[in-house]
Amino acid sequence: MSVSRIPLCLATLAVSASAAAGEVQVAVAANFTAPMQAIARQFEQDTGHQAVAAFGATGQFYSQIKNGAPFEVFLAADDDRPARLEAEGQAVPGSRFTYAVGALALWSAKPGYVDDQGAVLKQNAFRHLAIANPKTAPYGLAATQVLARLGLAEAVGPKLVEGQSIAQTQQFVATGNAELGFVALSQVYKDGKLTAGSAWRVPASLHDPIKQDAVILAKGKDNPAARAFVDYLKGPKAAGIIESYGYQVSAH
256 MSVSRIPLCL
266 ATLAVSASAA
276 AGEVQVAVAA
286 NFTAPMQAIA
296 RQFEQDTGHQ
306 AVAAFGATGQ
316 FYSQIKNGAP
326 FEVFLAADDD
336 RPARLEAEGQ
346 AVPGSRFTYA
356 VGALALWSAK
366 PGYVDDQGAV
376 LKQNAFRHLA
386 IANPKTAPYG
396 LAATQVLARL
406 GLAEAVGPKL
416 VEGQSIAQTQ
426 QFVATGNAEL
436 GFVALSQVYK
446 DGKLTAGSAW
456 RVPASLHDPI
466 KQDAVILAKG
476 KDNPAARAFV
486 DYLKGPKAAG
496 IIESYGYQVS
506 AH
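Mapping of the sequence shown onto this note's numbering: residues 256 to 507, in sequence order.
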């Protein structure tokens with residue numbers, strides 16, 4: 256009798272686990288695309304919950320969230336917008352934390368084009384230098400700070416081409432529409448190696464820290480999958496993935 260009940264019990268457990276699994280809508284800064292995709296896969300495998308991500312510029316997401324976009328968690332490329340959303344009552348108080356500290360790279364799709372000291376900038380022999388829009392993309396703002404601190408803002412200003420996000424900026428360089436550009440290191444780096452082309456890892460002293468904060472948004476307040484995702488993002492498996500793309504992870 257008891258043996259015959261085992262399949263039924265297993266089926267009941269499977270249904271219960273399936274019923275407990277949820278979905279969370281996540282707005283993710285474009286620089287974090289590759290790590291987020293890897294984390295989302297591992298998160299679903301380990302918890303059953305699914306993280307559905309949209310990728311774009313932090314400033315644009317901020318505006319969309321203010322206008323009622325249905326995101327439940329926000330992974331920004333700065334710490335300013337999540338703090339603003341929290342102050343404006345658009346986020347769950349106390350849920351904000353730094354999930355990664357980013358690094359900036361000057362990158363070219365051409366091997367050997369960018370030297371490891373960034374001297375190619377001062378030589379100014381290129382036609383186009385790509386950066387992300389500094390008003391909406393924190394990595395774009397960091398790029399303008401680098402140019403200012405190197406005293407090159409005026410010299411290279413006419414050669415700048417702007418992407419609306421760091422993803423579009425990388426595309427400008429990858430397709431050759433710009434010989435080089437400032438991108439997130441994570442876009443061209445994995446497991447300690449450059450994935451393509453040539454790059455200069457910009458010293459952190461040349462720009463303000465790129466602290467990337469996450470926050471649970473008001474729309475995710477009552478979604479257990481939103482809390483589960485944020486908790487997972489703070490855990491060791493996510494940290495290992497994040498660091499493999501060249502980010503630093505703060506202690507939580």
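C-beta: ideal position from N, C-alpha, C; glycine also.
Bridge partners - GLY357, DSSP secondary structure assignment: ILE465
Assign GLY475 to one of two classes, buried (16 or more other C-beta atoms within 10 Å of its C-beta) or exposed (fewer than that). buried
Tell me, which residues are paired with SER363 by DSSP? SER453
DSSP puts ALA483 in a beta bridge; with which residues? Per DSSP, none; premise fails for ALA483.
When the Cα atoms are used, what is the spatial distance from GLU498 to VAL443? 14 Å
Given a cut-off of 8 Å, decide if ALA346 and ILE471 are closer than it, judged by their beta-carbon atoms. yes
Given that a residue counts as buried once 16 or more other Cβ atoms are within 10 Å of its Cβ, and exposed if not, what is LYS448? exposed
Are the beta-carbon atoms belonging to ALA355 and ALA454 less than 8 Å from one another? no
Member of LEU488, TYR502, LEU376 and LEU384 whose CA lies at the smallest distance from the CA of GLU299: LEU488
Supposed contact pair GLY452 and ALA364 - C-beta distance, whole angstroms, cut 8 Å: 4 Å
Would you give the residue range spanned by the alpha helix (DSSP H) that PHE316 belongs to? 313-321
Could you give the C-beta distance for ALA358 and LEU440, rounded to a whole number, given that I count them as a contact under 8 Å? 4 Å
Report the CB separation of ILE386 from THR430 in whole angstroms; it is logged as a contact under 8 Å. With 8 Å as the limit, ILE386 and THR430 do not qualify as a contact, their Cβ atoms being about 16 Å apart.
Please confirm whether PRO528 and ASP468 have their CB atoms less than 8 Å apart. The chain is shown from 256 up to 507; residue 528 falls before or after that span and cannot be answered.
Applying the 10 Å Cβ sphere with the 16-neighbour rule, what's the burial state of GLN378? exposed
Can you tell me whether GLY436 is helix, strand or coil according to DSSP? strand
By Cβ distance, which residues of its chain are closer than 6 Å to THR353, with the 5 residues on each side in sequence left out? LYS466, ASP468 and SER505
Extent of the continuous alpha helix (DSSP H) run through VAL411: 408-411
Would you call the segment 413-420 and the segment 319-327 in contact, with 3 or more CB pairs under 8 Å? no
Selected residue, minimal CA-CA separation from VAL248, among GLU327, LEU384 and GLN319: The question about residue 248 has no answer, for the chain in this structure spans 256 to 507.
Which listed residue (LYS445, GLY395, MET291 and GLU341) has its alpha carbon closest to that of ASP463: GLY395
I need the DSSP call for TYR500, collapsed to helix, strand or coil. coil
Distance, PRO458 Cα to PRO337 Cα: 25 Å
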